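In what follows, a single structure is set out as structure tokens and then discussed.
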Amino acid sequence: MKIRKIMASICLAIMMGTSAVFAGDSHVDVNTATVEQLQTVNGIGKKTAAEIVAYREAHGPFKSVDALVHVKGIGEKKLEQIRGSVEVGGDANSAN
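Put into structure tokens, the structure is as follows:
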């Protein structure tokens, strides 16, 4: 019985570590990402990715991830879905 608990704990630890590798700790920078790179984020399709790039080109770099709600197709619900996968880097000192 004790061996089963140990084995279960080991399997769980391996699965959690593997999922972290596949999920990745990397974030997509919304200030520098291409449409294709933005589409790698779960919840961002081609249309939304294009809207992010168009908004960035029209208004300058995003100052915060929260500013993504100004992009057509991104509301509070979508923002919360993608928040852990995106970041604001690049030149965030210019706009939004």
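Mapping of the sequence shown onto UniProt numbering: position 52 corresponds to residue 52, and the numbering continues sequentially without gaps. All C-beta atoms in this analysis are idealised placements derived from N, C-alpha and C, irrespective of residue type, glycine included. These figures come from a predicted structure and were not determined experimentally.
- If the five residues before and after residue 53 are omitted, its C-beta is found closer than 6 Å to the C-beta atoms of 35, all from its own chain and listed in chain order.
- Listed in chain order, the alpha helix (DSSP H) runs fully inside the stretch 22-87 are 35-38, 46-59, 76-82, counting runs of at least 4 residues.
- Put simply, the stretch 80-89 touches the stretch 24-33. At least three CB pairs are less than 8 Å apart.
- Counting the other Cβ atoms within 10 Å of the Cβ of residue 69 gives fewer than 16, which makes it exposed.
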